[in-house]
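Read in order, the letters of the sequence shown correspond to residues 356 to 620 in my numbering.
No residue lacks a Cβ here, since even glycine has one placed at the ideal position from N, Cα and C.
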Amino acid sequence: MAELIPGVEKAAKSPEKAGKNLLVRMTNIDKYFGKVCALRGVDFEVKRSEILGLVGDNGVGKSTLIKILSGFHLADRGEIYFENKKVKINTPKDAKNLGIETVYQDQALAPHVSISRNVFMGRELTRGLGFMDKKKMDKSSLDVLAKIGLHLKDPEAVVEVLSGGQRQGVAIARVLYFKAKLVILDEPTIALSVKESQQVMDFILQLKEEGISVVFITHNLYHAFQIAERFIVLSHGERLTDVRREDTSIDHLSKIIVTGIHEGK
Ligand SMILES: Nc1ncnc2c1ncn2[C@@H]1O[C@H](COP(=O)(O)OP(=O)(O)O)[C@@H](O)[C@H]1O
Ligand SMILES: [Mg+2]
């Protein structure tokens, strides 16, 4: 299939150079749920500090693919390379240990607990005899939120009072603080207002500024097109195309998704 894969094209000429630029490479991934084939022979790459848009209609396998990368599902076939090393990701913990973090829509934030405690949930900072270092957590949480452009004043406020967009910000700040190398966001704007969606996309741009790679899954091409530099389109469990933003358009992507055919520009 004639595909536009910048990294792979270069790989033929200079495998080493292209390889260094890749953070993640998944090859030939198959996944079945009983008789349902969710993914078939999928190749997937994410470069360093890149925002990749993983797009396609509902039910085409986007979530399944990233759940394999984040250790929630095991692939039936295929390999995963992270920083050029072959890895086995059998559990969510394996993924986290590599620096792969997933931000879910419902996000596992505790609504009745403070912003600061939510940023550090499960990874609390301590001092001395194992006492929690509340002061440090309060300060660090505001600092890391400010880094993604979310300027909040009260680290003790409960998450419940925040808007949907701000909550996403807390979840995103958390993965930034803990030095994720790859952040996966599965439909992060689906339940948000226009303004909140914009805010979340600004947070994502800040992650890139911090040198983090992002997989942004959405079926909203207007959102994807605003921030993603490259798009991988899935259709019925297969990768249809891989195209840079400068080589495509919203119309072009939308046509590929609707027809299931990649017919060039
Ligand atoms: N846990 C599961 N059990 C059975 N079938 C599943 C499961 N997860 C996903 N599927 C099926 O796999 C296919 C791909 O789903 P999914 O990855 O959620 O698509 P997307 O995220 O693109 O909407 C669909 O046919 C879906 O019904
Ligand atoms: Mg999904």
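Closer than 7 Å: is that where the CB of residue i sits relative to any heavy atom of ligand 1?
i, result
"Lys417", "yes"
"Gly426", "no"
"Ala393", "yes"
"Gly615", "no"
"Asn413", "yes"
"Phe388", "yes"
I need the DSSP call for residue i, collapsed to helix, strand or coil.
i, result
"Glu456", "strand"
"Phe564", "According to the sequence as given, residue 564 is Glu; it is not Phe. Helix."
"Leu531", "helix"
"Phe399", "strand"
"Glu551", "helix"
"Asp431", "coil"
"Met492", "helix"
"Asn383", "strand"
"Met556", "helix"
"Asp606", "helix"
"Glu479", "coil"
"Leu497", "helix"
"Gly362", "Confidence in Gly362 is poor, its pLDDT being 45 and thus under 50, which makes the residue's placement too unreliable to answer from."
"Lys375", "helix"
"Val514", "helix"
"Asp449", "helix"
"Thr573", "strand"
"Ala583", "coil"
"Gly414", "coil"
"Glu405", "coil"
Does the beta carbon of residue i fall short of 7 Å from some heavy atom of ligand 2?
i, result
"Glu542", "yes"
For residue i, count the other beta carbons within 10 Å of its own beta carbon; 16 or more makes it buried, fewer makes it exposed. Which is it?
i, result
"Ala528", "buried"
"Ile616", "exposed"
"Lys386", "buried"
"Asp541", "buried"
"Ala622", "A query on residue 622 cannot be resolved here, the shown segment of the chain reaching from 356 to 620 and no further."
"Lys620", "Any reading at Lys620 is ruled out, since the residue's pLDDT is 47, under 50, leaving its predicted position unreliable."
"Glu400", "buried"
"Arg482", "exposed"
"Ser496", "buried"
"Ile611", "buried"
"Asp498", "exposed"
"Lys536", "buried"
"Phe486", "exposed"
"Ser548", "exposed"
Say whether chain B places a C-beta atom closer than 8 Å to the C-beta of residue i.
i, result
"Arg600", "In summary, chain B is missing from the structure at hand, where a single protein chain is found."
Taking 8 Å as the threshold (C-beta atoms), are residue j and residue i in contact?
i, j, result
"Thr614", "Thr573", "no"
"Val525", "Leu562", "no"
"Pro447", "Ser418", "no"
"Ile435", "Met381", "yes"
"Leu576", "Val410", "yes"
"Ile406", "Phe558", "no"
"Val469", "Pro510", "One point to set straight first is that residue 469 is Ser, not Val, in the sequence displayed. Cβ atoms of Ser469 and Pro510: closer than 8 Å."
Measuring CB atoms only, is the region 596 to 614 touching the region 574 to 581, in the sense that at least three cross pairs come out at less than 8 Å? The region 596 to 614, when compared against the region 574 to 581, does touch it at the 8 Å Cβ threshold.
Can you find at least 3 beta carbon pairs, one from the region 491 to 500 and one from the region 462 to 481, that sit closer than 8 Å? Output reads yes: the region 462 to 481 touches the region 491 to 500.
Please determine if the region 583 to 592 and the region 548 to 558 are in contact, where contact requires at least 3 C-beta pairs separated by less than 8 Å. Not touching, per the Cβ criterion.
Between the region 393 to 401 and the region 519 to 532, do at least 3 Cβ pairs fall closer than 8 Å? Result no; under three Cβ-Cβ pairs closer than 8 Å.
Would you say the region 477 to 485 touches the region 499 to 517, given that touching needs at least three Cβ pairs under 8 Å? Segments in contact, no.
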